[in-house]
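Written below as structure tokens is the structure these notes are about.
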């Protein structure tokens, strides 16, 4: 593991326990010790920038947000890949016809044209109270990086009918993230590795959901949490402990990373 120069971390279910919504003291210690050793730390999440948590005493070197569609550090934008406006409008139309509310996310805004039980609970996981706003239509004309809507897998074709420039990546069975068709956490990781002049063999990633599959495949060592989905575990190189049992801390300790 001496070759590891950068580590990508999903947030929900990986760094933070869904139930507590907090970073444990041991995970915090692991992040601090990794950075002290000169390893770059990168958030890799489906969340928009406005919904990123701040962890006291922990600094990250880069941020991969919207499942890879917008990547940046504290100096500049590394990669920007919004959804084509015509596809944003088509998805909204399809969802409205299906009776589904939609939330839109830009770099700085999070808005919706309504909500329901599923979408409300979806946002509660990231401690956001989503509400409909009067400027929803105006925001849809801006650079939209991700749409979120409540739906089951059987409803995906209806939501995505006649959409060419976007795709669904889901980590929960009652809602979906919709991102650019040529996007994904794997693409974002490739852009960040290129930016820092690093090879995939020098990268490690931790995740727990199906939207982390491409991420684990884009690095030299992909680690699934014990609480991860079966699909993610199937593509992972290794499996660490449960998020509620400080899986990241113990993995890093066992591998000599800290």
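Residue numbers (the working numbering): 188 to 445.
Heads up, the beta-carbon is just placed ideally off N, CA and C, and yes, glycines get one too.
Where residue i falls, given that 16 or more other Cβ within 10 Å makes a residue buried
i: residue 256; result: buried
i: residue 322; result: exposed
i: residue 237; result: exposed
i: residue 347; result: buried
i: residue 287; result: buried
Same chain, Cβ closer than 6 Å to residue i, neighbours up to 5 away in sequence not counted
i: residue 355; result: 343, 363 and 365
i: residue 368; result: 352, 353 and 354
i: residue 217; result: 435, 436, 439 and 445
i: residue 227; result: 193 and 248
7 Å Cβ cutoff met for residue i and residue j
i: residue 430; j: residue 204; result: yes
i: residue 435; j: residue 298; result: no
i: residue 326; j: residue 380; result: no
i: residue 252; j: residue 235; result: yes
i: residue 425; j: residue 406; result: no
i: residue 274; j: residue 331; result: no
i: residue 289; j: residue 300; result: yes
Own chain residues within Cβ distance below 8 Å of residue i, not counting five before or after
i: residue 254; result: 232, 233, 333, 356, 364, 366, 370, 371, 372, 375 and 398
i: residue 244; result: 215 and 219
i: residue 432; result: 413
Contact set for residue i: own chain, Cβ-Cβ below 7 Å, skip 5 residues either direction
i: residue 190; result: 388 and 389
i: residue 358; result: 233, 396, 397 and 398
Beta-carbon separation (whole angstroms), residue i vs residue j, contact threshold 8 Å
i: residue 248; j: residue 229; result: 6 Å
i: residue 396; j: residue 403; result: With 8 Å as the limit, residue 396 and residue 403 do not qualify as a contact, their Cβ atoms being about 11 Å apart.
i: residue 293; j: residue 329; result: 5 Å
(message) Any contact between the region 331-345 and the region 357-367? By contact I mean 3 or more CB pairs, one from each, below 8 Å.
(response) yes
(request) May I ask you to verify whether the region 311-319 touches the region 364-381, counting CB pairs closer than 8 Å and requiring at least 3? (result) no
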